[in-house]
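In the working numbering, the protein residues as written are 261 to 474.
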């Protein structure tokens with residue numbers, strides 16, 4: 261690298277320009293040909309594993325509470341199944357629609373990809389709406405007892421993840437309108453959002469089984 265000195269013909273901006281251009285290329289398209297491998301998906305997967313451990317702590321706490329203090333018949337935490345089951349169907353279907361969006365992108369069908377992304381975001385928002393309806397219909401509040409607090413902590417933390425996931429989907433949907441932003445070979449943003457969304461879906465299936473079916 262050429263050092264900058266007062267006597268040099270280069271300015272600091274000229275010296276930094278190639279590095280800035282390389283950084284922009286990495287963000288938009290991944291590692292350039294002949295460059296370093298792109299480890300962003302590995303980094304995201306590592307984050308999701310750590311995030312999954314947080315959920316695992318919540319699950320373990322809830323199961324421990326139930327084991328130490330068995331729930332009496334007719335307790336307030338015997339939950340209705342209709343609305344959570346509908347929400348489960350919405351999330352499972354949304355995983356398939358996101359997979360469809362990614363498949364369309366790999367076939368360079370950007371219009372169809374954007375459509376399926378929008379459908380996926382809509383399903384996620386519908387899930388959040390259903391969760392709000394459930395909250396308002398529950399006969400117990402956040403601070404009523406230990407079980408109620410754990411229930412709201414688990415479902416609320418997952419709802420936060422769904423909210424962030426829906427925002428990510430809407431962001432990549434908006435970016436997909438830019439020519440060349442995503443192509444069949446360069447689509448990290450869509451791929452990362454899809455992995456995150458499948459993670460959120462999988463966590464909900466575990467949560468649904470523990471909270472509503474056990």
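Every residue gets a Cβ at the ideal spot worked out from N, C-alpha and C, and that includes glycine.
Predicted, not measured: the structure shown is a model, and the values here were computed from it.
- Annotation: the continuous alpha helix (DSSP H) that includes residue 423 extends over 406–435.
- Ranked by Cα distance from residue 369, the first of 454, 407, 444 is 444.
- In the structure shown, the three-state DSSP call for residue 340 is coil.
- In the three-state reduction of the DSSP assignment, residue 329 falls in the coil class, being assigned neither a helical nor a strand state.
- Ranked by Cα distance from residue 374, the options 405, 325, 454, 437 are led by 437.
- Check the Cα spacing between residue 385 and each of 408, 393, 426, 355: the tightest is with 426.
- Contact annotation: residue 422 and residue 453 have beta-carbon atoms that are not nearer than 8 Å.
- In its chain, beyond the 5 residues on either side, 463 have a beta carbon closer than 7 Å to the beta carbon of residue 315.
- Residue 442 sits in coil when the DSSP states are folded into three classes, being neither helix nor strand.
- Membership of residue 380 in the alpha helix (DSSP H) is indicated by the continuous run 370–397.
- Going by DSSP, residue 462 is part of the alpha helix (DSSP H) stretching over 448–468.
- Annotated as proximal: residue 308 and residue 456, with beta-carbon spacing under 8 Å.
- For residue 302, the three-state secondary structure derived from DSSP is helix.
- Cβ neighbours of residue 449 within its own chain (closer than 7 Å, five residues either side excluded): 432, 435, 442.
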